[in-house]
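Below is one structure, written out as structure tokens; comments come after it.
Numbering (UniProt numbering), first residue to last: 1 to 176.
Here is the structure:
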């Protein structure tokens, strides 16, 4: 087994590459406006969509969200608690980090199917109605979190979205 540490590279994600944000931003601090996050997100999506096509760009966003969700769960959540405790921890953490306000609408224990809503979603709450779902990154993020906790691969799809005229984003997750 190769135990040699991989060299740091900005285009290969590892949690440690997020750096010491607090130490590096002594005057500005840990937070930034949602506008700046969305500026990065939507300009990146625009460039990828133009270069690769919309469906492919959405797929890349979902994959990036999945990676982020897996790493977020491993580093920020308690993966050892029972299900209700895990959901409570996830709700608390997402709210504290101002990612969104999570509510579990349903969970079918026999099948593992889950329906969640996210209000005040970082990605899309307040954007113009364009009659589409847009939270592909969130789909992947939730997939990664659910897989990190359950050990089971999930497919998550957004079924309601602010961009569709809804006032929350609703996601359905199915295992397998």
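Where is the CB? At the ideal position from N, CA and C, for every residue including glycine.
Annotation: the continuous alpha helix (DSSP H) that includes residue 45 extends over 34-52. Note on geometry: alpha-carbon atoms of residue 157 and residue 139 lie some 6 Å from one another. Assigned with DSSP and collapsed to three states, residue 119 falls in strand. In the structure shown, residue 8 falls within a coil segment according to DSSP collapsed to helix, strand and coil. A Cβ-Cβ contact shorter than 8 Å links residue 105 with residue 117. Buried is the label assigned to residue 121, since at least 16 other Cβ atoms lie within 10 Å of its Cβ. Residue 40 and residue 167 have their alpha carbons spaced roughly 23 Å apart. Between residue 16 and residue 66, the gap from beta carbon to beta carbon reaches 8 Å or more.
Apart from sequence neighbours up to five positions away, the residues of its chain that approach residue 21 with a beta-carbon distance below 8 Å are 30, ordered along the chain. Ranking 146, 89 and 46 by CA distance to the CA of residue 173 puts 146 first. If the five residues before and after residue 113 are omitted, its C-beta is found closer than 6 Å to the C-beta atoms of 174, all from its own chain and listed in chain order.
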